Structure formats: C-alpha cells, structure tokens
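Structure record follows, encoded as structure tokens.
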Amino acid sequence: MRRNKVLDLHRATHTLLLTSISLSTLLFIVALISTRQFFRLEQKEALTARDRVLTLLEYQFEQLSSVTADYSQWDDTWDFLQGTDPEYPEVNFTEDSLSNLGIAFVGIYTQEGKQFFSYYTDKAYPPAIPENLHLSLLKNTQGLFLLENVPYLVRIRAILHSDLSGPLAGYFMFGKTLDEGLLATISKLSGTTVTITVSDEAKTAERTILGASSIESISSIPLGLSSKSLILSVRIPRDLFWNGFRSLMLFFILAVVTIVIVFINYASSRKLLAFEKNTAAILEEEVQERTESLRMANSILQNYKKIIESTGEGILITDMKGTILEINPAIQNMTGFSEEELIGQTPNILKSGMHAPEFYRALWESVHQNGQWEGEIWNRKRDGTLLPFWLSINTLKDLEGNPCKLVAFYIDITQLKQTQEKLNNLAFYDSLTGLPNRSLFTDRLDQVLSRAQREKSRFALLYMDLDHFKDVNDGFGHQVGDELLILAAHRIKAQVREADTVCRLGGDEFTVILEDIHKSTDASLVAKKIIEALREPFIINEREIYIGSSVGIALYPYDGATIQELVKNADAAMYDAKEQGRGQYRFASGAAGISSRHRIEVEAQIRKALDESRFVLCYQPLVSTGSAEQGKAQGIIGAEALIRIKNPDDTIVPPGQFIEIAKDTGLIIPMGGWALLQACKDARTWAEAGKPIQVSVNVSQRQFERGHIIKQTEAALRESGLDPRLLKLEVTESLFMRDAQRVASIMEDLKKLGICFAVDDFGTGYSSLRYIDALPIDSLKIDKSFVDHLRSEEGPADPQQNLQNGSIALAVVSMARSFGLTSIAEGVETKEQLEALKRRGCDAVQGYYISKPLPADLFKDFIQHGLNSQKGQIQPSMQETDEEIEELESV
78 MRRNKVLDLH RATHTLLLTS ISLSTLLFIV ALISTRQFFR LEQKEALTAR
128 DRVLTLLEYQ FEQLSSVTAD YSQWDDTWDF LQGTDPEYPE VNFTEDSLSN
178 LGIAFVGIYT QEGKQFFSYY TDKAYPPAIP ENLHLSLLKN TQGLFLLENV
228 PYLVRIRAIL HSDLSGPLAG YFMFGKTLDE GLLATISKLS GTTVTITVSD
278 EAKTAERTIL GASSIESISS IPLGLSSKSL ILSVRIPRDL FWNGFRSLML
328 FFILAVVTIV IVFINYASSR KLLAFEKNTA AILEEEVQER TESLRMANSI
378 LQNYKKIIES TGEGILITDM KGTILEINPA IQNMTGFSEE ELIGQTPNIL
428 KSGMHAPEFY RALWESVHQN GQWEGEIWNR KRDGTLLPFW LSINTLKDLE
478 GNPCKLVAFY IDITQLKQTQ EKLNNLAFYD SLTGLPNRSL FTDRLDQVLS
528 RAQREKSRFA LLYMDLDHFK DVNDGFGHQV GDELLILAAH RIKAQVREAD
578 TVCRLGGDEF TVILEDIHKS TDASLVAKKI IEALREPFII NEREIYIGSS
628 VGIALYPYDG ATIQELVKNA DAAMYDAKEQ GRGQYRFASG AAGISSRHRI
678 EVEAQIRKAL DESRFVLCYQ PLVSTGSAEQ GKAQGIIGAE ALIRIKNPDD
728 TIVPPGQFIE IAKDTGLIIP MGGWALLQAC KDARTWAEAG KPIQVSVNVS
778 QRQFERGHII KQTEAALRES GLDPRLLKLE VTESLFMRDA QRVASIMEDL
828 KKLGICFAVD DFGTGYSSLR YIDALPIDSL KIDKSFVDHL RSEEGPADPQ
878 QNLQNGSIAL AVVSMARSFG LTSIAEGVET KEQLEALKRR GCDAVQGYYI
928 SKPLPADLFK DFIQHGLNSQ KGQIQPSMQE TDEEIEELES V
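Okay, structure coming up:
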C-alpha cells in the first residue's frame, strides 16, 4: 500500500517535471520573439529621433533665411553696392551684432558673382569665404556648404530695394557654422546625441547600428558644390530594450527555479522508492524539501513584486468589470490618490472630462474585441491637475484561456508635450515680439474667414507699418530698432480686444484681425486708437523717439472674399494712406479692387432689377460638331442661357459686373430662380413652334445650399410645362469640393425629375474621375482656354501650345466617351478650331463662330430660319469677355 503511494507520487512528479520543461521552452521562444520586437521598436524610435533632428536643422535654415531676407531688401545694402553708402558695413556688421544672430560670416557679391565685401566674426579662425560665387548660386538659394572642411549653413538672396523692385544689385550671403554649440542645442531640443562627420563619398547608405547601451541612426546630407557629403549620427539610449530584456529574464529565471524545484521533488521521489523501509522518514524529508521550495518560490515572487513596485511606469490591475484590484506606487505618485482611495474604484475616478463619450466607447470596444488598446489619454490628478499619459491596456487570461483581468500601464508624457509646444512656438510666433508670425496669421485669418462665411458675419483686416522706421535703424542701430518694434507691438495689442489677433508679418509690418464688427466705423475707431498710441514718444536708452503709423483697412465681405484679396486690398489702402501724408488710415480703394461703396451700389442695382423685372436672357446655340457651319443653325441641339441686366436707358450690364456681388450677398438665389423659370418658358415656346431643343442653365453653389435648387427646378418645370428632358443644369467642379455627398444626393433627386446635368469649364478646377463616375452627369464642357490655341496642322501659331491644348481637349473627349458622356467645346471662334475639334471626336460646339448670344426673340428666328442676321447681338464694343458671358459661376 505504502509502495503504491510512493509510485503514484513519483509518476506525478515526473509529469510535473515534463510540464515545467515545456513551459520553460515556451518562455524561451517568447523571449526570442519579444527581443526581435524590441529591436524593431528601437529602430523606429531611432528614425523618429533622426526626423526631429532634421526638423530642427530646417528651422535653423528658416531663421537664417529670415535674417538674410531682411538684410538683402534694405535700401542701404543696395546703396552700398552702388557705392553711395560707404558707412554701411561699420553700422550693420559688427562682431556683437552678428554673434547675437548666430552668424559666422557675411558676403556681398556683384551681379556677376564677384566678392564685393566680406566679414567674419571669428578672427582666430577666419572661414574661406568664396571670392566668386558659382553660376548655380546666382539666385535665391540655401544649403550646406563645406569651407576648409568645416560645414556651414548658407543662405543667398538677391539684393533688391525694400519694396522688392529692381534692378538687381547683387547677392547677399549669410553663413552659420554647424559647430559643436549648435549641435548641442539641437541635441538638447531633440532629446538625442547628435554628431556630424565629413565623408568623401557623395552619398552614404542610411543604416541603424545597435550598440550595447544605445542605438545609432546614420544618414547622409548632400553638400552644395561638393562631391563629399555630411554624415549625420543620431544616438538614443536603449532603455526600451534593456527594460524589456530584464523583465523577460526575470520570467525566465522564475521558470528555471520552478524546474529546479520540480527536479528536486523528482529526485526526492526516487529516493522514496530506494528506501521503502524508511517511508515515514523519507516523506518527512520530502515535506521539508517542499516547504523550502515553496519558500524559495515565494521569495522569487516577492522579488518580482518589488520590481513591479519600483518601476517608473504606473501599473493598474482591474477585473473585467473595471474594478481596481491592485496598483503600484508609481500610479499613486502620478495621480496623487492613495492605495485606499483607488482600490475598489473604477478608472473613472481619473476621468478628465476632455474626451467625448465616443472616445471611451472606442477604447473599450478595442479592449473587448482585440484584447488591447494603446494611445494618448488625459487624466485628472487628485488636486484637479490635468496630465497627458500614454496608456497601454492588455487583457490577462486564466489557465482555461478566458479573460480574467485587465492590466493598464501609464507613462507620463508631460515633458514630451512641453517639447512639442516649444517647437510649435518657434514655428508660429515671432521670436522678437512674441506675436503670431506670417504662418499663424494666414491660419487664423483663414479660420476667421470660414467662420464669417458660415455665420454671415463681418470682420476687418488692418494692415499697417511704422512711418520712418528705417530712419531709426539707420540713425540708432538695429538694437534700438528691435526694442522699438517690441514696444510698438505692446501698444498695438493694448488697443484691441482680447479676441482680436495682432500679428507681425516681418520688418515693421503689423496686421490686426477684428472679428464681429457691425459697421465700418468700428474698424476706423480701432485704427485711430492705434495711430494715436504710436504717435506718443518711445523712451529707449533715455532717448525720446517719435514715429507714426499708416493703416489700411479691408472689410469682409465688401473688400474681398479670399485671404489674398483682403491682404492685397488692405496693403494697397495702407500705401494710399502713406501717399496722403502718413499718420492716418484709409479703407480699401477701388484701385486695389471693388470698393465697398461700389459693392453697395451694385447690390442696390441687383435688388432694383429683381423688383422691376429688368433681367433679360440671351441664348447661345449648341450645335452638333459634324453639322456645324458658320452663322447657321444647322445641327442645333440646344442653347445656353446667359443673364444680363437691362437698364431703363436700354443699356446692357454684362454679368461680369454683378455676378460675384450677387453671390456674396445671396441675391444669386432669387436671380438664379428667375433665370431658371424664364429659360424653361422660352424653351416651351420653341417646342410649341416645332423646335424642341434643350436649354442649358448655369446654377451656382449658393443655390445648392439648403436645397434651393430642387424647389426652384420643380417650380420652373411646373409653371412652364416644359418637358424635363429639355432642361440641362450646368455646374462647375468646385461645387463638389465642399460637400460632395450632399451635392450628389441633391443631383440624384433632380435626376429623378428627368433633367440632365453638364460639368462646365471641365479641367480648370479639381477634376476627379471619382466625381464623374459617382455623380449623375450627362455632359462635359471643354473650357475655352483649351480651345483658344487650337489650330490646323498646316499653320499653328504656337506649335507647343497647340499640341498641349490639343492633348487636353482629346483627353476630355476620350474621358467623356469612356464614361458614356457627351463632350461639348466652348468658345469656338474660328473654322480652324472647329476642324481641330472634329478630328478629335468632340460631339458638340458653341461659340462666336456659330453665333454670339442672341435675345430670346432673335434666337427664335435664328432656329426657325437657320441664319444668323447678327442684328441685336451683344457686340464686342461692350467689352464683354468670354468669362462674363457665363451666367452663374461657382464661388
């Protein structure tokens, strides 16, 4: 009986030994796989570090480019090259001033590239400044150059007047040494160790070197005018690998110890078989050995727990319902909560309120479906402080493979966020005044413009510079000039609201974006306050300095509908203020664009034309290409409706003078509705007279907003009684850009009525095969710009232009045929153009070669009798351009 028990114990111990060996083998395989994964992660981190270093190096080039641009556009620099300002070098180039800018040397060259002047800051090791510039460098350029085996960041710009006018005087060159100090700064900002060496090879293959304690990424940077290259080495510590490796080794040691314990048990069981008579003593010894083994195992587990408790990552263990079961001290230090406050709670106690419910739903969906989630999350500490963390959640399974617990690892990424914020400040804020720079100005103006368009609100753009600022720089030096710019920025900012934006574009130019203004006097009041503030004396170095300011004001939407228009008009208004005597403001004038007063007058004219029914339609025929003849209606298949305003004195106002203002004011909606109804009525008249041809009506993007076009089309067809197949709506490509899905839905609803669609000016905007295939389009219209230069092969005016436009026209025709669409060419004015389009397989044409736009009564006679009498047509003397005959263009 006792022997059988010993045998059973032996068998069980043998089985446990085999199981432990198998488990150890599995852990070893997992260790190998995990080690390779650590290698991949470290290589990815090394490449990311290299990209950060390259980004910082590009920022150094931008700083150098900004300084070079300022110096190269001074009138003093231009005068110095002309020999009229001999004191220029002594005033502007000193060792202190260049050292403060981080400049190693400066060179000024003539137009032919011959050195005119040079200066360097390090007298002990003067750089080899080129005597003559290479032909390839006689332009605005930058790059890394090797001078006497020392790398320099070099920026070259053409020397022009301050208003960028010519003639070209020469070239200005600044150089900055890529020395240990600059590399140390880049290393500190990027969190890496950066070194450079010079290679005799033009290009070296990129590679990553894994060391015992660090990983190094090596890449080459080309050098200008040199067969050599610069080898960039970026080194980061291998913390990830060694931390992971130590964890795996702990697991492996634990497995080995377990095998040792089991092996001891196995040996003990064999002793029991050899000493059957001493069973009691052997069993007692076995119990003692097992107790010792358990003590050793418990000791190892305690060590493992200590490792978890001492790690810098916060660890939080919950059950599958999210109840917190265990934590480590790091999570307490990170959150400020004690162990008693966290155990038994859910992670919601750390919820920051910065993430939407959808964020947490997606997080838990990933955990339950994939068993893990990883990403950035904001949590709230016990004292209410918000901190960013990198969170990794993994699912633990029991022996049966069922999920039993969740383990979350928290890494505090506050320092990384701060580094990113510093880099953003360097990229988007002026280093001298702290104001937003040109890049951030463009971004904020775009946001304000989008908000104003969406909310139908108004805002003003103030564009200003400091009067006689150049005299301050010339008389007192650039250090005083910089101090003056800082004080001026503070005064300007003090005159506006907190919500308004003050920016420095460069030099002495400033802008102010005033949001939500209700009348123009709001903008003029701010401009007056700024001008008065800048008239007060500035106290710098116990010296009173007086300057002034000239301000230009552009109002949205009256003085421009785009960023470019607003900036251009505000800038023009500022120069108008200077011409009027400086120290004053001016609103955007008609010389720079459509003035506010003119827009108001045109808006009133449109409203009056709507009230008094003074809109008229002219029609230009569309004919089949194969049957087209000059001045004849043979092969006519349709007509395009073009809108005009008829004044009380019978003069005609072309659409180019009012369409854009109609779009800005929203009057395009009722105007487009009238044009659609009248075109349908005229087409019904032609059909009743035995000439059922299709009429094309241009529609604008504003008519698609809120579905206006559906109601207008249904009303026009119902009131006119026109067959829907005889109506075609023309849209432009830009209509699909903002909300393609909504536009497609509206077009599908209109298509169900039986009407047709054409894409106007195809190829001049955002051409996309996806839109052509997805939208219910029937025709593509080739823009006039692609038809203008088409000639016959016998005598092209411009062979290259003819070939290019011919290829584009052929491509549009082929594309239309591939999608089963009709191709129509606009602006056909000569027989040569018609023949060229015939050869390319175009289906239909329209243009002055067939007929100019005709009033409704003359167009009816034209299609009935087949000849164009030319009477009543819009003559060229009215200065109507081809763009102006389009009725409703897109914004």
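Just so you know, we're using this note's numbering here: the sequence shown kicks off at 78 and counts up by one.
Virtual Cβ for every residue (Gly too), placed ideally from N, Cα, C.
Keep in mind the model is a prediction, meaning the values are calculated, not measured.
Member of the options whose CA lies at the smallest distance from the CA of residue i
i, options, result
"Pro747", "Asp688, Asp800, Trp763 and Ala718", "Asp688"
"Phe115", "Leu210, Ile292, Ile180 and Asp938", "Ile292"
"His211", "Arg795, Phe222 and Glu361", "Phe222"
"Glu560", "Ser597, Asn618 and Asp577", "Asn618"
"Gln120", "Ala289, Ser142 and Thr285", "Thr285"
"Asp544", "Gly584, Val334, Gly554 and Val730", "Gly584"
"Ile849", "Phe834, Leu124, Leu582 and Ser304", "Phe834"
"Lys125", "Asp593, Ala756, Gly268 and Gln771", "What sits at residue 125 in the sequence shown is Thr, not Lys. Closest option to Thr125, Cα to Cα, is Gly268."
"Gly924", "Lys858, Asp460, Lys596 and Lys280", "Lys858"
"Ser928", "Phe939, Asp934, Asp920 and Cys919", "Phe939"
"Ala793", "Asp759, Ala821, Glu782 and Glu825", "Asp759"
"Gly70", "Asp153, Thr262 and Tyr136", "Lying before the first or after the last residue shown, residue 70 is absent from the chain, which here runs from 78 to 968."
"Asp800", "Glu825, Ala821, Ser822 and Ile770", "Ile770"
"Thr588", "Gly252, Ala631 and Leu419", "Ala631"
"Ala608", "Gly660, Pro731 and Val644", "At residue 608 the sequence reads Ile, which differs from the Ala that was named. The shortest C-alpha separation from Ile608 is found at Gly660."
"Lys740", "Gln530, Ala433 and Thr102", "Gln530"
"Ile490", "Leu463, Thr472 and Ser701", "Leu463"
Exposure label - residue i; buried when at least 16 CB within 10 Å
i, result
"Gln947", "In this predicted model, Gln947 has a pLDDT of only 44, less than 50, meaning its place in the structure is not dependable; the value taken from the coordinates is given anyway. By the neighbour-count rule (16 or more Cβ atoms within 10 Å), Gln947 is not buried but exposed."
"Ile110", "exposed"
"His866", "buried"
"Arg795", "exposed"
"Glu717", "buried"
"His785", "buried"
"Thr899", "buried"
"Asn405", "buried"
"Met326", "exposed"
"Gly872", "Bear in mind that a pLDDT of 45 at Gly872, under 50, signals an unreliable position, so the model cannot answer this."
"Gly1018", "Beyond the ends of the chain as shown, which are 78 and 968, falls residue 1018; an answer cannot be given."
"Gln780", "buried"
"Ile722", "buried"
"Ala913", "buried"
"Ile330", "exposed"
"Leu512", "buried"
"Ile420", "exposed"
"Ile401", "buried"
"Cys23", "Because the chain is modelled from 78 through 968, residue 23 falls outside the range shown and cannot be assessed."
Paired residues, beta bridge with residue i - DSSP
i, result
"Gln449", "Asn471"
"Ser264", "Ser264 is not bridged to any residue."
"Tyr696", "Ala718 and Leu931"
"Cys580", "Thr588"
"Ala835", "Glu807 and Ser856"
"Val130", "DSSP lists no partner for Val130."
"Arg457", "Leu463"
"Gly391", "Tyr487"
"Phe615", "Ile622"
"Ala886", "None; Ala886 has no bridge partner."
"Leu493", "Per DSSP, none; premise fails for Leu493."
"Tyr506", "Pro513"
"Ala921", "Ser701 and Ile901"
"Glu386", "For Glu386, which the question treats as bridged, DSSP gives no partner whatsoever."
Integer-rounded CB distance, given that residue j should sit under 8 Å from residue i
i, j, result
"Ser297", "Leu307", "7 Å"
"Phe839", "Glu807", "Between Glu807 and Phe839 the Cβ distance is about 11 Å, and since that is not below 8 Å, they are no contact."
"Gln680", "Thr598", "Note that residue 680 corresponds to Glu in the displayed sequence, not to Gln. The pair is not a contact, with the Cβ atoms about 20 Å apart (cut-off 8 Å)."
"Ile720", "Ala752", "5 Å"
"Pro204", "Leu224", "5 Å"
Start-end ranges of the alpha helix (DSSP H) lying completely within the stretch 715–770, minimum 4 residues: 736–742 and 745–765
Extract the residue ranges of the beta strand (DSSP E) inside the stretch 620–690, only unbroken runs of 3 or more that lie entirely within it. For the stretch 620–690, whole beta strand (DSSP E) runs of length 3 or above, ordered along the chain, are 620–622, 625–633 and 662–664.
Considering only residues of the stretch 190–267, which uninterrupted alpha helix (DSSP H) runs meet the minimum length of 4 residues and lie entirely inside it, listed in chain order? 257–267
Taking the runs of the alpha helix (DSSP H) that are 4 residues or longer, which of them lie wholly in the stretch 517–588? 546–553 and 555–571
Counting only runs of 4+ residues fully inside the stretch 113–190, write out the alpha helix (DSSP H) ranges in chain order. 152–158, 165–169 and 172–178
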